[in-house]
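Okay, structure first, notes after.
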């Protein structure tokens, strides 16, 4: 789905311009229909305009637009125009005036009307595949490149948290390896005491002197394992990060 969306986005980047306008006859300048428009250039197509207004999207390039209006299979009006589409063009208003054949032949006697099967004429545009092929290849290349970059970014965004987690696990493992036996005993005792205990009770349980116990807690507190909370004449030691929690 993402690939399809970005291919459409790529199409919008390279699709030239929308050519649109009304089709008139040269006698009273009223709109006429149905009119056969034959477009020739980098992209060739033939369309039937049934309401006097036409619109067509074309990539950049030089084009000729020939128009033909028939009544009972007889050519009544015709036209021949040239138009150039640049990369900067997004929309071009281009009205077409059809002339009677005699008037038209004075200027464009070499332009032959198309052979039209009025019973099986198609409403949709029939693009010349050779003319459109370079643009199709360009669209596919842009779409594939965007698809690759999006997926690469997605994979990177997924793998980055995983990498950070692995690094953090290694750091915790190294920190735990730096703990000596006495520090491990103190942390294990706090874990067994639901994460908090009085400092004097821990000292009695471990058999440490007051000075040693104070230094041990100072060291663990500075490394983020415990927090000392002053309570009356004593201290409560709260476990912040124990051995089991860090593993």
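Residue numbers (this note's numbering): -8 to 238.
Glycine included, every Cβ here is placed at the ideal spot set by N, Cα and C.
Can you name the residues that DSSP bridges to residue 58? 28, 70
Other residues of its chain near residue 231: CB distance less than 7 Å, five sequence neighbours each side excluded: 215, 216, 217, 218
Leaving out five residues before and five after residue 47 in sequence, what residues of the same chain have Cβ atoms less than 6 Å from its Cβ? 10
Buried or exposed: residue 198, going by 16 or more other Cβ atoms within 10 Å of its Cβ? exposed
What does residue 90 pair with, by DSSP beta-bridge criteria? 69
Would you report the Cα separation of residue 229 and residue 157, rounded to the nearest angstrom? 27 Å
Give the straight-line distance between the Cα atoms of residue 193 and residue 169, rounded to the nearest whole angstrom. 21 Å
Do residue 43 and residue 74 come within 7 Å of each other at the CB atom, strictly closer than that value? no
Let me make sure I understand the geometry here. Which of 65, 72, 141, 45 has the alpha-carbon closest to that of residue 53? 72
Just the Cα atoms here: how many angstroms apart are residue 221 and residue 142? 54 Å
Determine the DSSP secondary structure at residue 79, reduced to helix, strand or coil. coil
Residue environment, residue 59, which counts as buried when at least 16 other CB atoms sit within 10 Å: buried
Taking just the CA atoms, how far does residue 208 sit from residue 201? 11 Å
May I ask which residues mark the beginning and end of the beta strand (DSSP E) holding residue 187? 187 to 189
DSSP-derived helix/strand/coil call for residue 34: coil
Where the alpha helix (DSSP H) containing residue 232 begins and where it ends: It is not in any alpha helix (DSSP H) - residue 232 carries neither H nor E in the DSSP assignment.
What residue range is occupied by the uninterrupted beta strand (DSSP E) comprising residue 48? 44 to 49
Please tell me whether residue 49 and residue 12 are closer than 7 Å, where the distance is taken between their beta carbons. no
Can you tell me where the beta strand (DSSP E) holding residue 13 begins and where it ends? 8 to 16
Distance check for residue 139 and residue 39, CA to CA, integer angstroms please. 40 Å
Would you report the Cα separation of residue 179 and residue 225, rounded to the nearest angstrom? 21 Å
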